[in-house]
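Order-wise, the sequence lines are chains H and Y. Per our numbering, the first sequence starts with residue 769, numbered consecutively. Per our numbering, the second sequence starts with residue 9, numbered consecutively. The structure appears right after this line, and notes come after that.
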Amino acid sequence: MTWTTEVDTKPTRLGYGEGLVELGKKNPNVVVLGADITMSTNAGMFQEAYPDRFFSIGIAEQDMVGVAAGLALVGKVPFVCTYGVFASGRCWDQIRTTVCYSELNVKIGGAHGGISVGPDGATHQALEEISIMRCLPGMTVITPCDVLETRKATVAAGEMYGPAYIRFGREAVPIITKEDTPFKIGKAEVFRKGSDVTVIACGVMVHEAIETAEKLAKEGISVRVVNLHTTKPIDVETIVKAAEETGAIVCAEEHQIYGGMGGAVCEVLGQHCPVPVELVAVKDRFGESGQPFELMVEFGLTHDEIYHAIKNVLKRKKG
Amino acid sequence: MPTPRLSLEEMKEMAKTVRRDIVKMTCAAGSGHPGGSLSSTDILVALYFGKMNHNPLKPDWEERDRFVLSKGHVCPALYAVLSRAGYFAPDELMTLRQMFSRLQGHPAKNKKLPGIEVSSGSLGQGLSVAVGIALGAKIDKKPFKTYCLCGDGELQEGQIWEAVMTAAHYKLDNLVCMVDKNNLQIDGKVHDVMNIDPLKEKFDSFNWHTIECDGHDFDSLNKAYDEAISTKGKPVVIIAETIKGKGVSFMEDQAGWHGKAPNKEQCELALQELS
């Protein structure tokens, strides 16, 4: 694991808070709703900057989503914030029927995404949000890779119309983008050029993918790295181009293997350009208490895993 | 042209018209929820033809009072009331539950039927939406009211009580929740399936202003709405005692008519009673 060594690290949740404050400054209609854990999600940064536009709803996620829907109906741009397990699961039906079916402009900030939440254990380690959010008609799903991209994603979500889910994490993770790195919802970015194989990743796994690509470059294997921050709407063009040009794909995400970003990529490839795929993800199991580092190793979410996945997929690659 | 304010006698006639619509619509559709639609008819007629500040020709008028149908399954009543108020032509009522109709089996905002504020049908969610609208009105210092109709069985949903807390916490005196207390739900009597009483005491203790009224008496309903509109500092609930299937003798107080449409013969019988 390299994320605590040679590069600067910051938690993506900080980018969420910064993004909210930036949006609050730009648009007086932006309001934020909290469900008691506002300092932890960093919605508290908005609360501090714009106390009149922050509303505490208490530990009541279902009501929070409904209230946000009502605020959206009168022209507000509401952000609801809580841990991803609750933000996506506890109020899924409210998001489905009240928000998405009504096509309302509600934004959902899902904190504590992934196993790297650490000691709190499985109840608080959200590993299913991409899957259960992207199946909802009209929903946008974004998993930014670092603090800067989380800020950009938050601002972009606030500036688009329609429901959006932003997934971010608790731990400090490497800052791999710059201020001028492009970010557009629905547009995957090629972070590293390569011709033998492509790793498509989101969240903290983008950094792991880049590490792997650098290691394999020394072995003469050219690895393309795609940052697929937006799982929905998915960037079919970039994915298909990677499949056509490199002929093999590895997907890497800090999420359950079923229905997540890797699943979304497979849907695209199966329909447009079938090539061998290997999936690096949590293998259909719940999390554990532990330190983020040891959990990432235990759950197979490291550059070593990506390295082996690449070796495996290259064996299956045709000609 | 805003909707005319009807007299008590005119409201009674309007309620009959709406009830006939409900029977005809559900019969034509071959499915739907006549029982709760008939119990909530008078609550809606008193609101839309008496107390609500709205304009059917300008459904998006920013200053309008809002209405959220939390018990979405009784949309035949709402569709009929909206149509009779002038939001759309009554002919369209007969498209209820047909493919691509704007009158879906439960209210669908994306079908853009004038007067439908939000999708509903999954119970327990509408009151939260109404709370959000009322909170937004407070933020913008807009004087409009937000009304929300809930079923009594619906109050078994936990989210309702989350919203009840939120409304009181933010002192939303621009919010009025009407409870269509017909005492029946699909599986039988509400107090057998899961008792919700004592309801007045529950709302009182959650710091709401509670009004009880006869949900089929326009004088009683009008007084309840007047009191609700003039209440300051607290959200208001109107607990309207009603009879499921009201107006059609063989449907009255029968849980079996919750989600069953009348056949042609039953429809004729019902229309005779409502003539």
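A virtual CB, placed ideally from N, CA and C, is assigned to each residue, including glycine. The structure displayed is predicted, hence computed values, not measured ones.
- Query: Can you list, in chain order, the residues of its chain whose CB lies under 6 Å from that of methionine 202(Y), leaving out five sequence neighbours each side?
  - Reply: For the purposes of this step, residue 202(Y) is identified with residue 194 of the second sequence, where counting begins at 1. Cβ within range, chain order: Gln164.
- Task: Since I believe valine 967(H) is in contact with alanine 1020(H) (beta carbons under 8 Å), could you give me their beta-carbon distance rounded to a whole number of angstroms?
- Result: As a working note, residue 1020(H) is residue 252 in the first sequence. As a working note, residue 967(H) is residue 199 in the first sequence. That pair is a contact at about 6 Å.
- Item | Contacts that phenylalanine 823(H) makes with chain Y (C-beta to C-beta distance below 8 Å) | The residue labelled residue 823(H) in the question sits at position 55 within the first sequence. What phenylalanine 823(H) touches in chain Y: Leu143 and Tyr178.
- Query: In three-state DSSP terms, what is methionine 262(Y)?
  - Reply: Position 254 of the second sequence, counted from the start, is the residue given in the question as residue 262(Y). What sits at residue 262(Y) in the sequence shown is glutamine, not methionine. Three-state DSSP puts glutamine 262(Y) in coil, outside helix and strand.
- Count the other CB atoms within 10 Å of the CB of methionine 807(H); is the residue buried (16 or more) or exposed (fewer)? Within the first sequence, residue 807(H) is the residue found at index 39, counting from 1. Looking at its Cβ environment, which holds fewer than 16 other Cβ atoms inside 10 Å, methionine 807(H) is exposed.
- Whole-Å CB distance - valine 89(Y) paired with valine 137(Y), under 8 Å assumed: Locating residue 89(Y) in the second sequence gives position 81, where the first residue counts as 1. Locating residue 137(Y) in the second sequence gives position 129, where the first residue counts as 1. Contact flag wrong, Cβ pair sits at about 19 Å.
- Message: With a threshold of 8 Å between beta-carbons, can glutamine 830(H) be considered close to chain Y, or not?
- Response: If you number the first sequence from 1, residue 830(H) lands on position 62. Output row for glutamine 830(H): interface = yes.
- Can you give me the Cβ contacts of leucine 791(H) inside the same chain, cut-off strictly under 6 Å, excluding the 5 residues immediately before and after it? Start at 1 with the first residue of the first sequence, and residue 791(H) comes out as number 23. The beta carbon of leucine 791(H) sits closer than 6 Å to the beta carbons of Val798, Val923 and Gly926 from its chain, once the five residues preceding and following it are set aside; these are given in chain order.
- Chain-order list of residues whose beta-carbon lies under 8 Å from that of valine 1036(H) (same chain, five-residue window excluded): Here the question's residue 1036(H) lines up with position 268 in the first sequence. Answer for valine 1036(H): Ile1002, Val1004, Ile1007 and Val1008, listed in chain order.
- When burial is assigned at 16 or more other CB atoms within 10 Å of the CB, is serine 963(H) buried or exposed? One-based indexing of the first sequence puts residue 963(H) at position 195. Around the beta carbon of serine 963(H), a 10 Å sphere encloses fewer than 16 other beta carbons of the protein chains shown; the residue is thus reported as exposed.
- Query: Secondary structure at valine 800(H), three-state DSSP: helix, strand or coil?
  - Reply: As a working mapping, residue 800(H) is identified with position 32 in the first sequence. Valine 800(H) falls in the strand class under three-state DSSP.
- Item | Where asparagine 1080(H) sits in the DSSP three-state scheme | Here residue 1080(H) is taken as the residue at index 312 of the first sequence, counted from 1. Helix.
- Item | Residue range of the unbroken beta strand (DSSP E) whose run includes isoleucine 968(H) | As a working note, residue 968(H) is residue 200 in the first sequence. Its beta strand (DSSP E) spans residues 965-969.
- Message: Given this structure, state the Cα-to-Cα distance separating histidine 62(Y) from glutamate 71(Y), to the nearest angstrom.
- Response: Looking up residue 62(Y) in the second sequence gives position 54. Looking up residue 71(Y) in the second sequence gives position 63. Approximately 8 Å between the Cα atoms of the pair.
- Use the C-beta contact count for glycine 159(Y): other C-beta atoms within 10 angstroms, 16 or more gives buried, fewer gives exposed. Here residue 159(Y) corresponds to residue number 151 of the second sequence, with the count starting at 1. By the neighbour-count rule (16 or more Cβ atoms within 10 Å), glycine 159(Y) is buried.
- Item | Supposed contact pair arginine 935(H) and glutamate 731(H) - C-beta distance, whole angstroms, cut 8 Å | With chain H covering 769 to 1087 only, the question about residue 731(H) has no answer from this structure.
- Message: I'd like the span of the alpha helix (DSSP H) that includes leucine 77(Y), first residue to last.
- Response: Here the question's residue 77(Y) lines up with position 69 in the second sequence. First-last for leucine 77(Y): 74-77, but that is the beta strand (DSSP E), not the alpha helix (DSSP H).
- Task: Scan the stretch 833-866 of chain H for residues whose Cβ lies nearer than 7 Å to a Cβ of chain Y and list them as they occur along the chain.
- Result: Listed in sequence order: Gly834, Val835, Ala836, Ala837, Gly838, Leu839, Leu841, Val842, Lys844, Asp861, Gln862, Thr865 and Thr866.
- Quick one: using the 10 Å Cβ neighbour count with 16 as the cut-off for buried, is tryptophan 771(H) buried or exposed? Taking the first sequence and counting its residues from 1, the one referred to as residue 771(H) is at position 3. Note on tryptophan 771(H): pLDDT 39, under 50, position unreliable in the model; no value is reported.
- Between which two residues does the beta strand (DSSP E) harbouring arginine 919(H) extend? Counting from one through the first sequence, the residue named residue 919(H) turns up at place 151. Run containing arginine 919(H): none in the beta strand (DSSP E); it sits in the alpha helix (DSSP H), 915-927.
- Message: I'd like the list of long-range same chain contacts for threonine 49(Y), defined as Cβ closer than 6 Å, with 5 residues on each side in sequence excluded.
- Response: Here residue 49(Y) is taken as the residue at index 41 of the second sequence, counted from 1. In chain order, Ala23, Val26, Arg27 and Ala85 place their CB closer than 6 Å to the CB of threonine 49(Y), counting only its own chain and leaving out the 5 sequence neighbours on each side.
- Check the DSSP bridge columns for serine 824(H) and list the partner residues they point to. Counting from 1 along the first sequence, the entry for residue 824(H) is found at position 56. According to DSSP, serine 824(H) bridges with Gly802(H).
- Task: Tell whether a beta-carbon distance below 8 Å holds between lysine 1079(H) and glycine 1068(H).
- Result: Taking the first residue of the first sequence as 1, we reach residue 1079(H) at position 311. Taking the first residue of the first sequence as 1, we reach residue 1068(H) at position 300. No, the Cβ-Cβ distance between lysine 1079(H) and glycine 1068(H) is not below 8 Å.
- Item | Minimum Cβ-Cβ distance from methionine 107(Y) to chain H less than 8 Å | Position 99 of the second sequence holds residue 107(Y). Interface with chain H (8 Å Cβ-Cβ cutoff): methionine 107(Y) is excluded.
- Task: Count the other CB atoms, across all protein chains shown, that sit within 10 Å of the CB of cysteine 275(Y); report buried if there are 16 or more and exposed otherwise.
- Result: Counted from its first residue, the second sequence places residue 275(Y) at position 267. Classification of cysteine 275(Y): buried, given that the 10 Å Cβ count is 16 or more.
- Reduced DSSP category for isoleucine 863(H) - H, G, I as helix; E, B as strand; rest coil: For the purposes of this step, residue 863(H) is identified with residue 95 of the first sequence, where counting begins at 1. If DSSP states are grouped into helix, strand and coil, isoleucine 863(H) belongs with the helices.
- Query: Using 8 Å as the limit for Cβ to Cβ distance, is tyrosine 929(H) near chain Y?
  - Reply: Numbered from its first residue, the first sequence carries residue 929(H) at position 161. By this cut-off, tyrosine 929(H) is not an interface position.
- Message: Here's a check: name, in chain order, each residue in its chain whose Cβ is nearer than 7 Å to the Cβ of leucine 782(H), leaving out the five neighbours to either side.
- Response: As a first step, residue 782(H) is located in the first sequence; it is residue number 14 there, counting from the start. Here the set comprises Asn810 and Val915.
- In its own chain, which residues sit with a C-beta less than 6 Å from the C-beta of isoleucine 989(H), not counting the 5 before and 5 after it? Taking the first residue of the first sequence as 1, we reach residue 989(H) at position 221. These residues qualify, in order along the chain: Asp964.
- Message: Please list the terminal residues of the continuous beta strand (DSSP E) segment that includes leucine 157(Y).
- Response: For the purposes of this step, residue 157(Y) is taken as the residue at position 149 of the second sequence. Leucine 157(Y) -> beta strand (DSSP E) spans 154-159.
- Query: Leaving out the 5 sequence neighbours to the left and right, which residues in its chain are closer than 8 Å to glycine 812(H) when beta-carbon positions are compared?
  - Reply: Counting from 1 along the first sequence, the entry for residue 812(H) is found at position 44. Within the same chain, glycine 812(H) has close Cβ partners Gly785, Gly802 and Thr806.
- What residues from the stretch 123-151 of chain Y come within 9 Å of chain H, judged by C-beta to C-beta, listed N to C? Glu125, Val126, Ser127, Ser128, Gly129, Ser130, Gly132, Gln133, Gly134, Leu135, Ser136, Val137, Ala138, Val139, Gly140, Ile141, Ala142, Leu143, Gly144, Ala145, Ile147, Asp148 and Lys150
- Message: If contact is defined by three or more beta carbon pairs under 8 Å, each pair taking one atom from either stretch, is the stretch 148-157 of chain Y in contact with the stretch 216-223 of chain Y?
- Response: no
- Item | Under the three-state DSSP convention, the category phenylalanine 814(H) falls into | Against the first sequence, residue 814(H) aligns to sequence position 46. Helix, per DSSP.
- Query: Does the beta-carbon of histidine 224(Y) have 16 or more other beta-carbons within 10 angstroms, so that it is buried, or is it exposed?
  - Reply: For the purposes of this step, residue 224(Y) is taken as the residue at position 216 of the second sequence. Looking at its Cβ environment, which holds 16 or more other Cβ atoms inside 10 Å, histidine 224(Y) is buried.
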